[in-house]
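Residue numbers (the working numbering): 670 to 1113.
Encoded as structure tokens, the structure appears first; notes follow it.
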Amino acid sequence: MQFEFKTRRDKLIDLIPNKSIIIVRTADQFERTFDTFYKFRPRSSFYYLTGIQERDVITVIIKDDSVCKYIIFSKKKTDENDVWNGVRIGPQAMCLKYNADEAYDIDEIDHIIPELIKNKKNLYYLYTDEFLHKKIFHWMKPAQMKVRRNVLAPDKLIHLESVLQELRLYKSDVEINYLQKAIDITTDALIRAMKFLKPNIYEYEIEAIINHEFIKNNAQSSFPCMINSGVSGCLSHYKETNDRQILDNELVIIDAGAEYGFYTSDLTRTFPANGKFSESQKTIYELVLSIQDKIIDMIKPGVSIGDIEKILPKEITQGLINIGVLTDDIENHLNNEIYKQFFMHNYGHWLGLDIHDEASYGFGDSAWRKFKAGMVITIEPGIYIRNQNYINQKWHGIGVRIEDNILVTEKSCRVLSSSLPKSVEEIEFLMNQKSSEGLEYETR
């Protein structure tokens, strides 16, 4: 795996000009309550370049003429620190383990980095790192003070993500394997949830089933699991807590994703609480599924994000007209963007180390990015019908979203989540198979 991280650093070095220095820090550990903390997770871009999972680490990459260096700053190893804060391997062991050229105690960083910055023209760092943002100007000052003595100081500060996002957008075989594992774990979790689901249980019981499947496979949630039942399913994505009791004849939207080896997944399915879609629910569900199928069929190299953006409003509007939710006046509906009352979010997003990987979808001036092999994107159309008084009541409270994770291949695309059932027939069949968890619930 270290070869993979070195390859990424080498690609990054190829993209930056000579006399450049990159400084990147791992994430902070966030306080939960007073003296307890959330589980530590390294900053995604830091991990992408280093593979380092330890806290309190800063790395430096230098490109200076023919010399390229990779330097690590980390906490020194002490018995007391190991006891109270977890085992650290120390700078020298880190140098060997992560193939660095040099490694130092992080307490020495204020003396060493100002020297490394001298005679560099370009300094790259993550603008979103507030701690490093303040430090950078402190470290640059000694070089700036000597500019009149023929010492160069960086005159360009560049957001590292502007370069790094282009590398992270295209997934290697190693990355695809990690993504596939995360997706497979999520698939198993959602199938268990589907079989367990029934009226009168609470949303958090479904969440417990999903989290159990994640943890027993050495994974964790890539984001807080969202269980939206009944009318709350029309609220798109936002959900503070999964504490609502699920009622008979309701739909339940489950949006969940496992994170495995720091790579994320993001899948959504919509299930009938009692195992059987009503006619109205089935009609909306199959409309959303047909729209998703059409979008997925479009994805291949050369097709642009804008091509999908163009068809989506018309597909949703015409679909709602065809089933009788809207009146037959498509031009008026499109001109007034009526579809936004039923579909409020984007149709998908990049996927990788972050649940929403940071690469842009376009380049300004209406120039949309085109798909290329190696990109991974989610496709998640939805229709949400709240209790609008101009809509027939039979549609009220129906919310449907279907989300899959898609890899762009050399000639088309591959649905990485294809093993997760999504047709009405598959869902109803599986939901009417009793799970051992369901039997246990009934005997409480």
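Using N, Cα and C, we set each Cβ at its ideal position, and we do this for glycine too.
Using DSSP with H/G/I as helix, E/B as strand and the rest coil, what is residue i?
i: Ser-689; result: strand
i: Ala-696; result: coil
i: Ala-927; result: strand
i: Tyr-767; result: coil
i: Thr-952; result: helix
i: Ala-812; result: helix
i: Ile-682; result: helix
i: Asp-774; result: strand
i: Thr-933; result: strand
i: Tyr-796; result: coil
i: Asn-791; result: strand
i: Gly-902; result: helix
i: His-802; result: helix
i: Lys-963; result: helix
i: Gln-1102; result: coil
i: Thr-996; result: coil
i: Gly-944; result: coil
i: Ile-968; result: coil
i: His-1002; result: helix
i: Phe-1012; result: coil
i: Met-670; result: coil
i: Lys-979; result: helix
i: Lys-908; result: coil
i: Lys-864; result: helix
i: Tyr-1110; result: Since pLDDT at Tyr-1110 reaches only 45, below the 50 mark, its modelled position is unreliable, and the value read off the structure follows with that caveat. Note: Tyr-1110 maps to helix in three-state DSSP.
i: Leu-785; result: helix
i: Lys-885; result: helix
i: Lys-1183; result: Nothing in the structure corresponds to residue 1183, since the chain is present only between 670 and 1113.
Going by DSSP, name the residue or residues bridged to residue i.
i: Thr-939; result: Ile-922
i: Asn-897; result: Ile-922
i: Leu-1076; result: Val-1045 and Arg-1083
i: Arg-890; result: First, the residue type needs correcting, since residue 890 is Ser and not Arg in the sequence shown. Ala-927, per the DSSP bridge assignment.
i: Ser-973; result: Lys-1039
i: Tyr-871; result: Gln-914
Looking only at its chain, what residues have a beta carbon closer than 7 Å to the beta carbon of residue i, apart from the 5 residues adjacent to it on each side?
i: Ile-620; result: This structure cannot speak to residue 620, because the chain is shown only from 670 to 1113.
i: Phe-798; result: Position check: residue 798 holds Asp in this sequence, whereas Phe was assumed. Only Arg-694 meet the Cβ criterion.
i: Ala-1042; result: Pro-970, Val-1077, Thr-1078 and Glu-1079
i: Arg-701; result: Tyr-707
i: Thr-719; result: Phe-674, Thr-728 and Tyr-767
i: Val-972; result: Lys-1039 and Phe-1040
i: Glu-1027; result: Glu-830 and Gln-834
i: Lys-983; result: Leu-1003
i: Val-1084; result: Ile-965, Asp-1073 and Ile-1075
Return no unless some Cβ of chain B is closer than 7 Å to the Cβ of residue i.
i: Ile-974; result: This model lacks chain B altogether; it includes just one protein chain.
With a threshold of 6 Å on Cβ separation, who are the neighbours of residue i within its own chain once the five nearest residues in sequence on each side are excluded?
i: Asn-1056; result: His-1065
i: Ser-689; result: Lys-732 and Asn-791
i: Ala-886; result: Looking at the sequence shown, residue 886 is not Ala but Asn. These residues qualify, in order along the chain: Ile-854.
i: Ser-743; result: Val-726, Pro-760, Met-763 and Ile-775
i: Ser-713; result: Leu-1022 and Asp-1023
Please go through the same chain and pick out, in chain order, the residues whose beta-carbon is closer than 8 Å to the beta-carbon of residue i, but skip the five residues on each side of it.
i: Tyr-932; result: Glu-844, Tyr-847, Leu-848, Lys-850, Ala-851, Gly-1021 and Leu-1022
i: Ile-992; result: Thr-952, Ile-953 and Leu-956
i: Ser-1087; result: Asp-1073
i: Arg-677; result: Tyr-717, Leu-718 and Leu-836
Cβ of residue i within 6 Å of any heavy atom in the ligand ZN?
i: Glu-876; result: The ligand ZN is absent from the structure shown, which contains no ligands of any kind.
Quiz item: At a cut of 8 Å, does the segment 760 to 767 reach the segment 792 to 802 through at least three beta carbon pairs?
Solution: no
Quiz item: Hey, which unbroken runs of the beta strand (DSSP E) at 3 residues or more fall wholly within the segment 816 to 853?
Solution: 825 to 828
Quiz prompt | Runs of beta strand (DSSP E) wholly within the segment 698 to 760 (minimum 3 residues, chain order) | solution = 700 to 702, 727 to 733 and 736 to 743
Practice problem: Pair every Cβ in the segment 820 to 831 with every Cβ in the segment 854 to 861, then say whether three or more of these pairs are closer than 8 Å. | Solution: no
Quiz item: Do the segment 764 to 778 and the segment 733 to 741 meet, that is, are 3 or more Cβ pairs less than 8 Å apart?
Solution: yes
Quiz prompt | Sufficient close CB pairs (3 or more, under 8 Å) joining the segment 690 to 709 to the segment 718 to 729 | solution = yes
Quiz item: Would you say the segment 956 to 965 touches the segment 875 to 887, given that touching needs at least three Cβ pairs under 8 Å?
Solution: no
Quiz item: Enumerated in chain order, which unbroken segments of the beta strand (DSSP E) with a length of 3 residues or greater are wholly contained in the segment 1016 to 1074?
Solution: 1045 to 1048, 1051 to 1054 and 1067 to 1070
Quiz item: Given 8 Å as the limit, is there contact between the segment 799 to 811 and the segment 774 to 789, that is, 3 or more CB pairs closer than that?
Solution: yes
Quiz item: Taking one C-beta from the segment 1033 to 1053 and one from the segment 1072 to 1080 each time, how about it: are there three or more such pairs within less than 8 Å?
Solution: yes
Quiz item: Three or more C-beta pairs closer than 8 Å, one from the segment 744 to 759 and one from the segment 816 to 823: is that the case here?
Solution: no
Self-check item: Inter-stretch contact at 8 Å, needing at least 3 Cβ pairs: the segment 1000 to 1011 / the segment 982 to 991
Solution: yes
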